[in-house]
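Protein chains in written order, with my numbering: chain A, 1 to 357; chain B, 1001 to 1293; chain C, 2001 to 2541; chain D, 3001 to 3323. For glycine and all other residues, C-beta sits at the position ideal for the given N, C-alpha and C. The structure appears right after this line, and notes come after that.
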Amino acid sequence: MDALRERVADTLLPPVVALLVALVAGDVLILSVGQSPVEVYALLLRGTWGNAYGFGQVLYKTTTLICTGLCVSVGLRAGLFNIGGEGQLAAGGFAAALAGLALPASTPAPLGILVCTAAAVIAGGITGWVPGVLRARFGAHEVITTIMLNFIILALLNWAISSADGGALRVPETLHTRAIRAGALPRFGDLIPAFHGSAANLSLLIALIAAAAAWWYFFRTRAGYDLRAVGLQPDAAEYGGVNVGAVWVRAMTISAALAGLGGINFVLGYKHYYEDGFATGAGFLGIAVALVGRNTPLGVGLASLFFATLSQGGLAINALVPKTMVDVLQGVVILAVAASAPEVRRVLRRRKRIATA
Amino acid sequence: MSIFAFAAQTIRIAVPYLFAAAGGTLAERSGIISLTLEGFMLTGAFCAALGSYYGGNSWVGVACGMGGGLVFGLLHGVVTIRYRADQVVSGVAINLLAIGVTRFFLHLAFGSSSNSPRVPGFSTVVRGEGMLAGMLPDPLIALGLFAVPAVAWAIYRTPFGLRVRAVGEFPQAAESVGVHVARVRYVAVALSGVLAALGGTYLALDQHQFTDNMSAGRGYIALAAMIFGNWDPVRGGLACLLFAAAETLQIQLQGTQAIPSQFVQMIPYVLTIVALAGMVGKSTPPAALGKSD
Amino acid sequence: MNAERGSGVGTGDSADAHGQSPSPSAVVSMYGIEKRFGAVQANRGASLEVAAGEIHALVGENGAGKSTLMHILSGLLAPDAGTVRVDGTTVTGWSTSDAIRAGVGMVHQHFMLVPTLTIADNVVLGREPRRGMAMDVARAQRDVTEVATRYGFSIDARRRVGDLSVGEAQRVEILKALFRGAQILILDEPTAVLSPPEVQELWRVLRALRDGGGTIILITHKLDEVIEISDRITVMRHGQTVARMDTPTATPADIARAMVGRDVLLTVGHPSSGAGRVHGPEASVRSAAPRLTVVDLEVAGAHHERRVHGVSFTVAGGEIVGIAGVEGNGQTELVEAIAGLRAARAGRILLGGRDITTLPVRDRASLGLAHVPEDRHRRGLVLDYSVADNLILGRQHAFVSHLGLDRARIAQNARARIEQFDIRPTDPSLPARALSGGNQQKIVVAREMGGEFTVLLAAQPTRGVDVGAIEFIHAQLRASRDAGKAILLVSAELSEVLALADRVGVMSGGRLVALLSRDAATMDVLGLWMTGAAPPAAGAA
Amino acid sequence: PAGAGATALGTGLNVGVVFDVGGRGDKSFNDGAYRGAERAAKAFGVHVHFIEPGEGSDREAGLRLLAAEKMDLVIGVGFIFTDDLTETAKEYPHVRFAGVDYSLQTDDRGNIVQPPPNLAALKFREEQGSFLVGALAAMVGHSKKLGFVGGMDIPLIHKFEAGYRAGVKYVCPDCTVIAQYAGVTPDAFRNPGRGKELALSQYQSGVNVIFHASGSTGLGVFEAARQTGKLAIGVDADQFAEAPGHVLTSMIKRVDQVVFDQIDRVRTGTFRGGVYEYGLAEGGIGYVYDANNRAMIPDSVHARLNTLASEITAGKIIVPVSR
Ligand SMILES: Nc1ncnc2c1ncn2[C@@H]1O[C@H](COP(=O)(O)OP(=O)(O)OP(=O)(O)O)[C@@H](O)[C@H]1O
Ligand SMILES: Nc1ncnc2c1ncn2[C@@H]1O[C@H](COP(=O)(O)OP(=O)(O)OP(=O)(O)O)[C@@H](O)[C@H]1O
Ligand SMILES: [Mg+2]
Ligand SMILES: [Mg+2]
């Protein structure tokens, strides 16, 4: 009972504290541009959770963030820091588009979706397998290799979309491929009229399934047991018969595959083509999501929802304050969550001691 | 292109890396992860431009740039040392914050989302082919080259450096002999902020202008160089020069139409990976790196 | 002051710990000390009184709160309640630098040394000699060498601490305290990792310090040491001080009883008594064919230097082969090579006739090889995993169902092992980190010995473990031996090897310099082999 | 509905503008659109609402937000808005839309797909202006080597490069153009440090004039020109002030004028959907020739440029749009 209450307080208090800090910081910024905080916050809420369209947009952004957030957290669980989420996400999206273009238009929808999603996951996986092998085989630090591979992947994709001879692939004068012929995912708007127009689509469901699968994998499988052991204490894992190098490779592959999966949100669910730059920033925000979500799939989901709300909210309040305010707030929130979590735990402990004394 | 010009360009490109990598090494040797270099650099660039503009003098800009780095360095310090926040989280937040804050105040100070007006800077008019001469008037270049041996000296030859190394390897041991672990880390991380910010200051003053996100990932390259140099300031400095040389090569090779520009632009990154996989073995970070508790 | 031996024994009553006025001669007096870590109350009203110029032993079971009490004295921790006085001044809650200034120095159980720094750097850290803004490295080395010579240590101040043997590292720790002018020296389990000659060397130093007017507080689990070196004894149990004794009038049995609150069968510390030694396995149990065979094994260290040179031996079923030796003579590498954690450079390892030289760890385990590693914190446990999860480490493949880990069976396994091996506390969901050292070791032992195995590698199985747990672990080892298992026991503890082994080997400089029958192996002979000086008449195997 | 109901001056016409990434203050087309809208606001008392979106899906969201609020005209700035505008315009047939740099798509048979009737596609023929500055650079450059610095290596920028190359070759067939790009991510448009190094290496190799189409990265090109005493050519707007004396000219794109025009059309009820192309002939594209740079351009050269311009307008010279 007491332990439960402590755990609840431990999980809920930091975000609440962070929110308060962010509110104060936000007030200062809003006042500095001569607007009323109450009005701005009201607008922010109305533009996000206040109407189905806005909420749909929030869900759309949540979907990508869940994937990149899981990507980072799988790596961290194995003691690896994957900062290449952006390139991996882009690679997944591009592969999904290629698959969707290659399939005949007559492909049954479920099959098309399956093939395109698999393409995204595999392409993402490959982009993670490389730094995984570089780490396991050559001891090349994954922070460097993922940063470097990020540039390489983005350069390759940029080339494919702008310079490669690909009349069948790309649309001239744009930065996107032709529309896929198969594999399109239904949007929520097609199913629930209120969501009409919003980009939210069934990828959200796939991302949630991926999150649940990640939870199961981490905590309920032998491979997850090994992976976490490697992340916590590689020497003990090795002692326990775990092939540490193989786990690194596997973890990087899965991590990047999850980022790659995120590519279907834009490509299969929203625009139905790959567009250069669709992944910009999502990889980086994924780091924040994973860390604020404390590397648990549930935490990642909630953190994604939060950051997505902030991002969509920034658009909604753009008429009153510059959108850069949201950038600032994002930083403040992450700092506040990070700083308050250990602090809250300490205060709880102190309180308990006084109570028992 | 002459070897001189090649070297000169390499050094110019390397300056921000040198500053940031030197700063990063100092902080990481004390146990604080330096994912923040990018944010420090950007803040430094912005504050330098602001100071130079309102102070009307590039040295005011340098001072302000350092001040900006100091503030952000201390912020990172307070959050990770006092509040024991996860250092990676804080690093990500600092970088986001730097982008947001510089944009916000760019808007507020100069009414633009993309750049400041022209500000006093260092580079002066140099005619002719004397590219090397073109570097001399910029004291920040010399300072950047000097930063590496200076940090190496500080780390290996001073009492402070000994404490930094001890704190980064085994803080409990340092604490047990009365070394103030938090204080050492505060100083190290603040200095890393100042140094990385000098890298940004160089960018802004060399450019006579601040532009949105002008650090453009250089902080991460510096981080890579620091790891590549195995947390040794001198080797890290050499890695910076190596990365910069690869970039120079990339610039020189571009423009021949045979290869698409994207492939030429990959060169530095591919080289880094190949070098990392081939040359150095496992890198060993300071043992207490990233452990807030 | 009279010994109060027996006053609280068996009842846990510590009435004497409170409300007593400090005796005037005490340099250290601690009263009513309370310290809590989360749910664990490490000290509950503990007290300690130490007179100037004595060697004072502080004993107690694992987790009794000894280290915590000393951390409070040395300023590393602040007590939640209670008073600390040093030299008559109240100093409760002071800092490490305050303590150092007042002449209190602590040699920690886990060395507080920075492995990447030199000896000189480690010693002068915090009070570096300066020349201008720079550090005067030459003077640091000179000063350190000078202090070392004064106390009879011979060291090269420029060596990296990471390259030192444990004994040498410990000398650096003591040097650190002496360099700071320590008058009150606290040593936390200093002998746990030392060879007999090194222990004697340490005693020499401690006696010299005492005779020079210094005061020493010594934590140890070895009761013979207590008797040999200390002047007075304080016993702790469950965070409380339960007894104080004058050494001349105390017996090991008294101390042990005070520590655990019941009678203990003492084996370690009195190998000659033979009390614990159930001799010789029955011929029927001992297998004819060797279960573990090592042939001409060569193993390289971390820097490609040779650490094990052409070692050969066999272990039969129903036999314990003990390997004695000063640490750092290749025992670690030998065990790790057999376990599969380190590649063999040459030679062969056979398990029941099957060549396992190149097999991965997991396959060796499934062939029946169990391994109690020497470093439980680094290797033996995932400290953040629950006790239950730690109890399947290395056997995790056996605990899967079609959907993943079989939680029910893992829980069942945990319950069984916890009960069988008396692991405390009994909650399988606690993180291993939260248990005391002795109980952590029990987890490892329970896991490795509780399952199916034919050959056991037991490396330092009782290091840093209290007498009760040692008794238990030794009994387990004997029971396994008697059940026909083959056991390779590697221990820096000569008495342990002598108490358990049927044959005794000695490693020195990476070679197996001797392999003797139990009867031929006496303390003296082994001690000579260990120091590298082969006894003239002894025949090596 | 398009063009219906003229609005009297000051009666509160509502116009929404969604900017491209980079936003206001980029001294380029975003600023152009901003200036045009602000001018209309002053002149006609129009209410202008600006939105600066963040990432991809925000573009469509921004357009929808404005369309849903029943703006009289919604303008999307940048070719990247093409699809979003088409979609939104179809869905809100009663709202008028305009797209700056809207790119026309072709269907499977190669026919041009017309934009929806309530959407004005505003296209610029940057290649024509680039052609002229290329010719100018070749004529006054005193070097057989000419330089070009682009931001990202993408089709939009290829248009500038192609026109520039064609202009250079037209007046100087044995001249070569060194074209370099700053990067592979959108950061390539705001990396002046990289721009400066690219430019310095070009100047070093004997180039005397560099044309840039690289956003803020170009500011580094100007800095390099200042430092080496060489010349650079600005883009989109008159960039003379960035490095007085070193900016030979700027290839300008009158986004402000075009945006102002569209607002005016809505006001006067003459708004029509369809494709609008602005080239030299329409005055939407040009180059700077004024008191600031007259001294750098000999009269003969200026005359030659005028001839070239009229040949382009007359269709005698067809400027390529891709390299
Ligand atoms: N830093 C800490 N955090 C949480 N619990 C701790 C900490 N330090 C000690 N404890 C707990 O406090 C209790 C007393 O520990 P302490 O180290 O004082 O015992 P000890 O007598 O030194 O045992 P040992 O003989 O094993 O060294 C143990 O249960 C231990 O788990
Ligand atoms: N920060 C901590 N959090 C939780 N438990 C801790 C912490 N530090 C120490 N402990 C526990 O306190 C106990 C006592 O610590 P101590 O340093 O005396 O080691 P120990 O128990 O004697 O272990 P060993 O004898 O194996 O070295 C150990 O069980 C250890 O796991
Ligand atoms: Mg202890
Ligand atoms: Mg212990």
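(message) Can you tell me whether V2040 of chain C sits near ligand 1, meaning its C-beta is under 7 Å from at least one heavy atom of the ligand?
(response) Yes, since a heavy atom of ligand 1 falls inside the 7 Å radius drawn around the Cβ of V2040 of chain C.
(message) Taking contact to mean 3 or more Cβ pairs, one atom from each stretch, closer than 8 Å, check whether the region 209 to 218 of chain A and the region 2351 to 2371 of chain C are in contact.
(response) Look at the beta carbons and you see the region 209 to 218 of chain A not touching the region 2351 to 2371 of chain C: under three pairs across the two are nearer than 8 Å.
(message) For F3019 of chain D and F3050 of chain D, what's the separation of their Cα atoms in angstroms?
(response) Their backbone Cα atoms lie some 7 Å apart in a straight line.
(request) Could you list which residues in chain B have their beta carbon closer than 9 Å to that of D2121 of chain C, in chain order? (result) Listed by position along chain B, the residues whose Cβ is nearer than 9 Å to that of D2121 of chain C are L1162, R1165 and A1166.
(message) Quick check on this structure: which residue in D:I3157, D:V3140 and D:L3248 has the alpha carbon closest to the alpha carbon of V3168 of chain D?
(response) Per the Cα distances, D:V3140.
(message) Taking only three categories from DSSP, how would you classify G1168 of chain B?
(response) The three-state secondary structure of G1168 of chain B, taken from DSSP, is helix.
(message) At the level of alpha carbons, what is the spacing between P2271 of chain C and R2257 of chain C?
(response) Reliability fails at P2271 of chain C, whose pLDDT of 38 lies under 50, so the model's placement of it is uncertain and no value is given.
(request) Please check the pair A102 of chain A and L1276 of chain B, which I expect to be a contact at CB under 8 Å, by giving their CB distance rounded to whole angstroms. (result) That pair is no contact at about 35 Å.
(message) Between the alpha carbons of V2335 of chain C and G1144 of chain B, how many angstroms are there, rounded?
(response) When the Cα atoms are used, V2335 of chain C and G1144 of chain B turn out to be separated by approximately 51 Å.
(request) Consult DSSP for R2463 of chain C and reduce its assignment to one of helix, strand or coil. (result) Secondary structure at R2463 of chain C: coil, using DSSP grouped into helix, strand and coil.
(message) Does Q57 of chain A pass the burial test, meaning 16 or more other C-beta atoms within 10 Å, or should it be called exposed?
(response) So Q57 of chain A ends up on the buried side.
(request) Return helix, strand or coil for V3095 of chain D, following the three-state DSSP convention. (result) Residue state, collapsed to three classes: coil.
(message) Pairs of beta-carbons, one from the region 1059 to 1066 of chain B and one from the region 1169 to 1176 of chain B, closer than 8 Å: are there three or more?
(response) Taking 8 Å as the limit for Cβ pairs, the verdict is that the region 1169 to 1176 of chain B does not touch the region 1059 to 1066 of chain B.
(message) Rounding to the nearest angstrom, what Cα-Cα distance links V38 of chain A and V171 of chain A in this structure?
(response) The straight-line gap from Cα to Cα measures roughly 45 Å.
(request) Starting from D2389 of chain C, find everything on chain A with Cβ-Cβ shorter than 8 Å and list it in chain order. (result) Within chain A, the residues whose beta carbon sits less than 8 Å from that of D2389 of chain C are Y225, listed in sequence order.
(request) Closer than 7 Å by C-beta to V2501 of chain C: which residues in its own chain qualify, once you throw out the five before and the five after it? Chain order, please. (result) The amino acid occupying residue 2501 of chain C in the given sequence is Ala; Val does not appear at that position. Excluding sequence positions up to five before and after A2501 of chain C, its CB lies within less than 7 Å of the CB of I2320, V2321, G2322, L2489 and R2518, all in the same chain and listed in chain order.
(request) Tell me, to the nearest whole angstrom, how far the beta carbon of A2052 of chain C is from that of S2074 of chain C; I am working on the premise that it is less than 8 Å. (result) That belief does not hold up - the Cβ atoms of A2052 of chain C and S2074 of chain C are roughly 18 Å apart, past 8 Å.
(request) Can you tell me which of C:P2431, C:A2388 and C:L2393 puts its alpha carbon nearest to the alpha carbon of N2413 of chain C? (result) Proximity to N2413 of chain C across C:P2431, C:A2388 and C:L2393 peaks at C:A2388, based on C-alpha coordinates.
(message) Using CA atoms only, rank isn't needed, just tell me which of C:S2095, C:E2054, C:V2114 and C:L2405 is closest to H1180 of chain B.
(response) Of all alpha-carbon atoms in C:S2095, C:E2054, C:V2114 and C:L2405, the one lying nearest the alpha-carbon of H1180 of chain B is that of C:S2095.
(request) Could you check if A3043 of chain D is buried or exposed, using at least 16 other CB atoms within 10 Å of its CB as the buried criterion? (result) Counting Cβ neighbours within 10 Å, A3043 of chain D comes out exposed, since fewer than 16 surround it.
(request) Would you kindly report the start and end of the unbroken beta strand (DSSP E) that includes Y3181 of chain D? (result) Boundaries of the beta strand (DSSP E) harbouring Y3181 of chain D: T3176 to G3183, taken from the DSSP string.
(request) Could you check the C-alpha separation between I1141 of chain B and R1012 of chain B for me, to the nearest Å? (result) Whole-angstrom Cα-Cα distance: 7 Å.
(message) Using CA atoms only, rank isn't needed, just tell me which of C:G2464, C:E2146 and C:R2511 is closest to G2063 of chain C.
(response) When each option's Cα is compared against that of G2063 of chain C, the closest is C:G2464.
(request) Could you work out which residues of chain A lie near Y2385 of chain C, taking near to mean beta carbons separated by less than 9 Å? (result) Listed by position along chain A, the residues whose Cβ is nearer than 9 Å to that of Y2385 of chain C are Y225, R228, A229, L232, Q233 and A236.
(message) Whole angstroms are fine: how far does the CA of I192 of chain A sit from the CA of F3189 of chain D?
(response) Those two C-alpha atoms are separated by around 40 Å.
(message) I'd like to know if W159 of chain A contacts chain B, where contact means its C-beta is closer than 8 Å to some C-beta of that chain.
(response) For W159 of chain A, the nearest beta carbon of chain B is closer than 8 Å to its own beta carbon.
(request) Classify M148 of chain A as buried or exposed, calling it buried when 16 or more other Cβ atoms lie within 10 Å of its own Cβ. (result) M148 of chain A should be labelled buried.
(message) Let me confirm a value: A1288 of chain B is counted as buried when at least 16 other C-beta atoms fall within 10 Å, else exposed. Which label applies?
(response) So A1288 of chain B counts as buried.
(request) Thinking A3098 of chain D and G3274 of chain D are a contact (beta carbons under 8 Å), I'd like their distance in whole angstroms, please. (result) The beta carbons of A3098 of chain D and G3274 of chain D sit about 11 Å from each other, so the pair does not count as a contact at 8 Å.
(message) Below 8 Å on C-beta distance, what does E1028 of chain B contact in chain F?
(response) Here the protein chains are A, B, C and D, and chain F is not one of them.
(request) Can you say whether E2452 of chain C is buried or exposed, counting buried as having 16 or more other CB atoms within 10 angstroms of its CB? (result) An exposed status is given to E2452 of chain C, since fewer than 16 other beta-carbon atoms sit within 10 Å of its beta-carbon.
(message) Check whether the region 289 to 297 of chain A and the region 67 to 80 of chain A are in contact - that is, three or more C-beta pairs closer than 8 Å.
(response) Verdict: yes, contact present.
(request) May I ask you to report which of helix, strand or coil DSSP gives I2033 of chain C? (result) DSSP places I2033 of chain C in strand when its eight states are reduced to three.
(message) At the level of alpha carbons, what is the spacing between G331 of chain A and A1093 of chain B?
(response) In a straight line, the C-alpha of G331 of chain A is about 4 Å away from that of A1093 of chain B.
(message) Once the 5 residues before and after G3279 of chain D are set aside, which same chain residues still bring their CB inside 7 Å of it?
(response) Non-local beta-carbon contacts of G3279 of chain D in its own chain, meaning distances under 7 Å to residues more than five positions away in sequence, involve R3125, Q3128 and I3285 in chain order.
(message) Let me check one thing: in DSSP terms, what residues is Q2240 of chain C bridge-paired to?
(response) According to DSSP, which records beta bridges pairwise, Q2240 of chain C is partnered with C:R2237.
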